[in-house]
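Protein chains: 2
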Amino acid sequence: MITQKYKDMLGAKSVIRQMSEWAAGRAKEIGSENVFDFSLGNPSVAVPQEFTDKMVELLQNRDTMELHGYSQSQGIPSVRAKFAEFLNKRYGMDYTAEHLFMTTGAAGAVAHAVRAVTQPGDEVIVFAPYFPEYDHYIGQTGAVLRVVPADTEQFQINFEELDKVLNPKTMAVLVNTPNNPSGTVYGTETVKKLAAVLGAKQKEYGHDIFLISDEPYREILFAGVDAPYVSKYYDNSLSCYSFAKSLSIPGERIGYIAVNPKCTDSALISPMCAQISRGIGHNCPPSIIQIAVAETLGITSDLSVYETNMTLLYDELVSLGFEVVKPGGTFYIFPKALEEDSVAFCKKAMNYDLVLVPGDSFGCPGYFRMAYCVETEKVKRALPALRRFVGTEYPGKGHLA
Amino acid sequence: MITQKYKDMLGAKSVIRQMSEWAAGRAKEIGSENVFDFSLGNPSVAVPQEFTDKMVELLQNRDTMELHGYSQSQGIPSVRAKFAEFLNKRYGMDYTAEHLFMTTGAAGAVAHAVRAVTQPGDEVIVFAPYFPEYDHYIGQTGAVLRVVPADTEQFQINFEELDKVLNPKTMAVLVNTPNNPSGTVYGTETVKKLAAVLGAKQKEYGHDIFLISDEPYREILFAGVDAPYVSKYYDNSLSCYSFAKSLSIPGERIGYIAVNPKCTDSALISPMCAQISRGIGHNCPPSIIQIAVAETLGITSDLSVYETNMTLLYDELVSLGFEVVKPGGTFYIFPKALEEDSVAFCKKAMNYDLVLVPGDSFGCPGYFRMAYCVETEKVKRALPALRRFVGTEYPGKGHLA
């Protein structure tokens, strides 16, 4: 018999996916240029030419057995050494190749990190608003996800609420900065305070609490933003990265875990992740992609368009009277909806061909997410639709909020 | 605290890996040309030029967002449609894109297939000799691996022993043909008989028994060998494939599950596998590799060297008096050792710089595996070492066996 657990999951399509499918259907009716689809977090800027050139060069000049051969389950050693060196230089860390584990994107990184530091029944804390796939990365390990309600003032951390959720079963805390969906970046003060709280709780409970930092948007930072490297401030930390956004290659599924050399059993965690991989048979990311990202380290797509788009949207939203925290990075913004029921709000927006995602999906009802990884031209053309939507459905409301 | 389960796995390095590491160390002492390393199943023939050319062409001509973008979790629909069409033409099946699930190699395929059709506590049957990673693909799902002792006459299926292992908890049977480590291929008679036995047991037990067929060596077949497509003979079947061996790209981690359209819930299994992937965060194999293999379907590396090597080794082993079944495919051969303790036998061989793997690793003690995916020149130069080894350590023994 097929497995009921996974069969049951089939009905529950994500709201983001539903929105995006509606948008695709609507695009067939009125043309995709007329649908203002802010639903999906797909990078929209071209892959850097350097990456493409490197791939071609590897294919044309490298011995095929070396290029396409098995890599170690932890990842190709020379690739891991390059990442360690890069991170050390940029963030003043002391990683070696042994602290790196190559993954299929940040998704694989977070899922492996959770498995490496929790047992079934342990609790893992996340902060609302949070990326809904965390439910799966955490839940399918047998660990229990606990959600700290949002700090809706600034989308930093609500420490009062965190204190209520922490307990001796807490084995890991998962943060995501720059944040999907809020676009905010945890400042140095926030990270230091979190480190102090967790450090004290480790002593109180007499066991490690690991801080897993999911950082796929680390390179998409806006001007003047305070963006500390989380692992710098807490020893028991695992930094999860993906090249999906920085190189616009989400389909190539490439990322890594960097294990803080100061954490408990730091030398064991990357090899343990390799053992975890054996169980699902995925082993490691593709060799050629590992080599190509390692040989183009530090290069990114032209990410400046995201700040341009953010500024356009932020200014318009503010002028329409929305309550909204200014994003410090990513390609998301997370304003408060103009009615309590953000699902109803987003449904109404569809009548104006605006595709927004309700905050309910992110554990933060009453808000909505816009993913502005679209062409600037399209953002500009969406502004009148946004004005019509607000003016018609919520006359006077926005300006009064 | 880090997870004890995975920490405990760290000590247990596979014997194959240990042998291979010894060989690498020895190569540094006496030169790799003087070490006859038959331990690892790494393809040794070049990647076909058509694959390299296709990759370059995609990189140079395809829109980067399309080429490197997210694929559906089941895999890119057009890629899956191409595989379905290819399999239908070659094997007379009726697959559609919906029956295909793209995986990270045959490893990912087998691990997902087991998860899709078993619950923790269910039993999955394998036939000795078997690939030792099956312990992990099966064990880490919570299902229980049951081993049917080998048919050492022909390395087909020992049906008498199978009958003893089958019971109402049997939910899946995993076969691997052409077989690692024996090199034998299940003939039509074997497959038909297995299908009849499982069909009868399904009725008797009143539930499905899925046949998972692991086929990474499907393209490496020797002249005149009867090699039926397993799924043709049994409705509840999942065919697992990898391009690692046929294109010599093991590091690119690309394969698929083809779900028999006639199996129970056939339309659900591929989407369920996508749900399984979410739990480990691996999602799907890299987009560019999916597209490249789909656009070079039917092309393989020059696999003829493996038959040349097999013939050289088989003839020599026979003339030295080994009991050995002639392989029908793969790049493995699995002779009977010249003493009962095959670990001792393989250790003695190391004194002659011959790296062999004891059959104990494959659930079949008393035998040993040679992986002849090495240059023919090296096979030829290994023959005198083999003769010296047998003549010195087992004088007269081989010829008497």
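Same order as they appear, the protein sequences are chains A and B. Counted the way the numbering used here counts, the first sequence spans residues 1 to 401. Counted the way the numbering used here counts, the second sequence spans residues 402 to 802. Cβ atoms here follow ideal geometry from the backbone N, Cα and C, with glycine treated the same way. Only a predicted model underlies this, so the values are computations on that prediction, with no experimental measurement involved.
(message) How far does the beta strand (DSSP E) with I613 (chain B) in it extend, from its first residue to its last?
(response) 611 to 615
(request) Could you tell me which residues DSSP pairs with P358 (chain A) in its beta bridges? (result) A:F368
(message) Can you check which of these residues, A:L356, A:E123, A:G183, is closest to I209 (chain A) by C-alpha distance?
(response) A:E123
(message) Let's see if you can read the secondary structure: which residues bound the alpha helix (DSSP H) around R481 (chain B)?
(response) 478 to 492
(message) Taking contact to mean 3 or more Cβ pairs, one atom from each stretch, closer than 8 Å, check whether the region 37 to 51 of chain A and the region 16 to 24 of chain A are in contact.
(response) yes
(message) Does T103 (chain A) come out as helix, strand or coil in the three-state DSSP assignment?
(response) strand
(message) Could you compute how far the alpha carbon of H683 (chain B) sits from the alpha carbon of T505 (chain B)?
(response) 9 Å
(request) Answer yes or no: the CB of L221 (chain A) versus the heavy atoms of the ligand FMN, is any distance below 8 Å? (result) With respect to small molecules bound, the structure shown includes none, and the ligand FMN cannot be examined in it.
(request) Rounded to whole angstroms, what's the CA-CA distance from I692 (chain B) to E340 (chain A)? Just pull it up for me. (result) 45 Å
(message) Please list, in chain order, the chain B residues whose beta carbon lies closer than 8 Å to that of P384 (chain A).
(response) By Cβ distance, chain B contributes nothing, its closest Cβ being about 26 Å from P384 (chain A), past 8 Å.
(message) Going by the DSSP bridge assignment, what does A659 (chain B) pair with across the sheet?
(response) B:L501, B:S640
(request) Answer yes or no: do R26 (chain A) and M370 (chain A) have a C-beta to C-beta separation smaller than 9 Å? (result) no
(request) Using the Cα positions of V457 (chain B) and Q74 (chain A), report the straight-line distance between them to the nearest angstrom. (result) 27 Å
(message) One question on the structure: do P728 (chain B) and V744 (chain B) come within less than 9 Å of each other, judged by their Cβ atoms?
(response) no
(message) Could you pull the DSSP bridge partners for N309 (chain A) from this structure?
(response) According to DSSP, N309 (chain A) bridges with nothing at all.
(request) Express the C-alpha separation of K406 (chain B) and G540 (chain B) in angstroms, rounding to a whole number. (result) 12 Å
(message) So if DSSP puts K397 (chain A) in a beta bridge, which residue, or which two residues, is it bridged to?
(response) Per DSSP, none; premise fails for K397 (chain A).
(message) Please list, in chain order, the chain A residues whose beta carbon lies closer than 7 Å to that of I734 (chain B).
(response) Those within 7 Å of I734 (chain B) in chain A number zero; the least Cβ separation is about 21 Å.
(request) Ignore the nearest five residues each way along the sequence and tell me which others in T497 (chain B)'s own chain have a CB closer than 6 Å to its CB. (result) A485
(request) Could you check the C-alpha separation between C273 (chain A) and Y367 (chain A) for me, to the nearest Å? (result) 36 Å
(request) Examine chain B for any beta-carbon lying closer than 9 Å to the beta-carbon of H99 (chain A), and answer yes or no. (result) no
(message) I believe Q465 (chain B) touches S287 (chain A) by the beta-carbon criterion, under 8 Å. Please report the beta-carbon distance rounded to the nearest angstrom.
(response) First, the residue type needs correcting, since residue 465 (chain B) is Thr and not Gln in the sequence shown. Between S287 (chain A) and T465 (chain B) the Cβ distance is about 20 Å, and since that is not below 8 Å, they are no contact.
(message) For a test of the three-state rule: what should DSSP assign to N180 (chain A), helix, strand or coil?
(response) coil
(message) With H, G and I counted as helix, E and B as strand and the rest as coil, what does DSSP make of E451 (chain B)?
(response) helix
(message) According to DSSP, K336 (chain A) sits in a beta bridge with which residue or residues?
(response) A:Y367
(message) For the structure I just gave you, are there three or more beta carbon pairs, one from the region 695 to 711 of chain B and one from the region 446 to 463 of chain B, closer than 8 Å?
(response) yes
(request) With a 10 Å radius around its C-beta and 16 neighbouring C-beta atoms as the bar for buried, classify F560 (chain B) as buried or exposed. (result) exposed
(request) Starting from V230 (chain A), follow the alpha helix (DSSP H) in both directions and report where the run begins and ends. (result) Where V230 (chain A) is concerned, there is no enclosing alpha helix (DSSP H), given that its DSSP letter is neither H nor E.
(message) Quick check on the burial criterion: 16 or more other C-beta atoms within 10 angstroms. Buried or exposed for Y795 (chain B)?
(response) buried
(message) Between the alpha carbons of E534 (chain B) and T542 (chain B), how many angstroms are there, rounded?
(response) 13 Å
(request) Apply the 10 Å Cβ neighbour rule to V719 (chain B) and answer buried if 16 or more other Cβ atoms are within range, or exposed otherwise. (result) exposed
(message) Strictly by DSSP, which residues pair up with R547 (chain B)?
(response) B:I526
(request) Measure how close the beta-carbons of S445 (chain B) and V775 (chain B) come, nearest whole angstrom, since I'm counting them as under 8 Å. (result) 6 Å
(request) Run the CB neighbour count on T591 (chain B), radius 10 Å, all protein chains shown included, and call it buried at 16 or more, exposed below. (result) buried
(message) Let me see if you follow: with CB-CB separation under 9 Å, is Q475 (chain B) close to chain A or not?
(response) no
(request) Indicate the three-state DSSP secondary structure (helix, strand or coil) for A645 (chain B) in the structure shown. (result) coil
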